[in-house]
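Chains as they are written, first to last, in the working numbering: chain Z, 9 to 237; chain P, 240 to 748.
Here it is, written out as structure tokens:
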């Protein structure tokens, strides 16, 4: 056999061998998923409403999220922010329209994002783009009862639970990753989850909510709101 | 210079580029197509001598490959250097960011350390104009004992007063346009005598301070530009004066299960709802309701206010004070107590999650009567209140019922030693924020009271008021209010001219 033929023959053999190995390789690279339920203890009882828990799988390579194509909206009606919790990927914009017939002044003193939108009236809106991940407490400088939270996540592998507490995160490459469950009024859960190729890992989380959450905050200049506020 | 083994290898394994067909396969080496003799090398044996043409081609090819290799090496070196530079830049940026973060934290610590006390000086200026019908007073004497003959022979007719001395209020403080012939309410800071007038209602200064996280201090005064009659020996015309409205310390108890505030000093009362909005910028209307005299006074003492449940909807407040929640100037309130029995007051309220809130409250108050020395002469009142704020509609309503027992010494007229008062009062105020800057409103209030002081006087009050008004808000610092109060006497009391037009421009700072 000529050297060229020998080489081609060898290559062909290797190719066949490679083909024989493809299914395993593909399986090894196939993403897995994590699903489960969140339960929330409040005192001794299970809380029925398990919504608004943010579940994140961290440390996944190439998981930087794309910003939302359209801004999220936190509406101001009846001196209340709606919704009170908003979760957005980093780089996303949130609109704060004022639909009350009184002026509002939305601000935040959180480290991840400090902003002051100033006074604006009904029918107008102002926006903030969140470039850093973290939890941002949003308040109104006039109405102390107005409070909301914006959670800015730096991964695309996140989900927010509904009332039943169920969650599912897809498209995660195999591996062992930190998993975090965050709630507004209670402890943070941090654990490890092993994601297997092409399989769904069941991962249930139990959280404990503060029975008496506190939210003492001041006006944007650090002074108290006043006697009845 | 090319080694012979390399040339041989190139001849055997490395077909020239032009020998590669379109499929990318090297052609089989077969018999020579030209003059070149067949060369079939055998591995392990010496390679045959290549022709000069082959050698030239190999030489050119090798030089080409060497040049390409050199370029690649240079590119690789450049990329490596770029990568190194980027890495160094990244490290420098990381260090810089870390340094800035540390610097910011240190600065924040310094600022926090320098400013454990954060203070704010606020307040407002309230100016306006008013006109009150008649002589500006809300009372008239029962001349000739025509309406209330039962007092004939008991009191002179000019001491039997019909109406309400505070029904002609012209500003948020509750100052009447004139006290007229009133005998109990004699402090006459406006003294308009039925004439229209501009008025600087108050210059309000409000100093609030937080000392740390748990201590809050507030002092509030009104500077009052008023008439001064130096010839008046009664001192009823004080001239410009200062009214200290609040002076208290609030300790915010660091509890977890509920919020608890403890107050000491000259504090807000705990009774009803209106006391919370009695400052001019907070009050929708220009003037207070007829019930405010019973609920808006600011006594001296202690107060505790606790908020319960997760949303802090349940509020319990209680106070122990020198006097009641009657307003100063009404004749039943004093700051320094004149007896040992203090006044106990409490309010329980719940806020339902309707719109911006639907709050229902119930209040009660009991203590020794103010401005008299006995501990066993009592004064009490109770009431309910409601406040709703939804979709621009604001509704507040309150009912208060009470009694001041008074005292009568043997042989003297009823309530001769201490005045007596039986009262009921209520109001409902409905406002609609039609636009950011426009809020029309209407208030209806009612009062039924009998105020008696031995042989000194008796007031018979039974009236209803309707007060339509409008409030303009120009931004958050300036509000202009205008309202017209229609006073209507009820029962046997004849109508008399005491309607009031009042306006107010409030600039808040």
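Yeah, the Cβ is synthetic: ideal placement off N, Cα and C, and Gly gets one too.
Residue span of the alpha helix (DSSP H) that contains residue 533 (chain P), given as start and end: 531 to 534
Round the Cβ separation of residue 392 (chain P) and residue 566 (chain P) to the nearest angstrom and send it over; I've been treating them as touching at under 8 Å. About 34 Å; that fails the 8 Å criterion.
8 Å Cβ cutoff met for residue 96 (chain Z) and residue 143 (chain Z): no
Taking just the CA atoms, how far does residue 358 (chain P) sit from residue 715 (chain P)? 21 Å
Does the beta carbon of residue 114 (chain Z) come closer than 8 Å to any beta carbon on chain P? no
Cβ closer than 7 Å: which chain Z residues qualify as neighbours of residue 674 (chain P)? 109
Using DSSP with H/G/I as helix, E/B as strand and the rest coil, what is residue 211 (chain Z)? coil
Beta bridge counterpart(s) of residue 417 (chain P) as assigned by DSSP: Residue 417 (chain P) is not bridged to any residue.
Is residue 86 (chain Z) close to chain P, meaning its C-beta is less than 8 Å from at least one C-beta of that chain? yes
Using a cut-off of 8 Å between C-beta atoms, extract the partners of residue 629 (chain P) located in chain Z. 86
Out of Z:169, Z:181, Z:100, point me to the one whose CA is closest to residue 188 (chain Z)'s CA. Z:169
Any idea what DSSP makes of residue 462 (chain P), helix, strand or coil? strand
For residue 568 (chain P) versus residue 445 (chain P), is the C-beta distance shorter than 8 Å? no
Pop quiz: residue 600 (chain P) and residue 623 (chain P) are said to be a contact at Cβ under 8 Å. What is the actual Cβ separation, rounded to whole angstroms? 7 Å
Helix, strand or coil for residue 322 (chain P) per DSSP? helix
Below 8 Å, how does it come out for the stretch 71 to 84 of chain Z and the stretch 206 to 218 of chain Z: are there three or more Cβ pairs, yes or no? no
Output needed for residue 373 (chain P): all residues of its chain with C-beta closer than 8 Å, excluding positions within five of it in sequence on either side, in chain order. 433, 735, 736, 737
Cβ pair residue 559 (chain P), residue 597 (chain P) closer than 8 Å: no
For residue 98 (chain Z) and residue 162 (chain Z), believed in contact at Cβ under 8 Å, the rounded distance: 5 Å
Taking only beta carbons into account, state which residues of the stretch 712 to 728 of chain P come closer than 9 Å to chain Z, listed in chain order. 712, 714, 715
Determine which residues of the stretch 117 to 147 of chain Z have a Cβ less than 7 Å from any Cβ of chain P, and write them out in chain order. 127, 129, 130
Grouping DSSP H, G and I as helix and E and B as strand, with all else coil, what is residue 142 (chain Z)? strand
Measuring CB to CB, does residue 645 (chain P) end up less than 8 Å from residue 680 (chain P)? no
Between residue 115 (chain Z) and residue 60 (chain Z), is the Cβ-Cβ spacing less than 8 Å? no
Given that a residue counts as buried once 16 or more other Cβ atoms are within 10 Å of its Cβ, and exposed if not, what is residue 748 (chain P)? exposed
Measuring only between beta-carbons, confirm whether residue 48 (chain Z) sits less than 8 Å from chain P. no
8 Å Cβ shell around residue 138 (chain Z) - same chain, five flanking residues per side excluded: 96, 98, 99, 100, 101, 102, 120, 121, 144, 158, 160
Put residue 575 (chain P) into one of helix, strand or coil per three-state DSSP. coil
Can you tell me which residues form a DSSP beta bridge with residue 499 (chain P)? P:492, P:545
Short CB-CB distance (under 8 Å) between residue 230 (chain Z) and chain P: yes
Do the stretch 530 to 537 of chain P and the stretch 546 to 553 of chain P touch if we need at least three Cβ pairs shorter than 8 Å? no
Considering just the uninterrupted stretch of the beta strand (DSSP E) at residue 198 (chain Z), what are its terminal residues? 197 to 203
Beta-carbon contacts of residue 231 (chain Z) that lie in its chain and below 6 Å, excluding the five residues immediately before and after: none
Under 9 Å (Cβ pairs) to chain P, residues found in the stretch 68 to 101 of chain Z: 85, 86, 87, 88
Helix, strand or coil: how does DSSP classify residue 725 (chain P) here? strand
Starting from residue 604 (chain P), trace the beta strand (DSSP E) in both directions and tell me its first and last residue. 596 to 607
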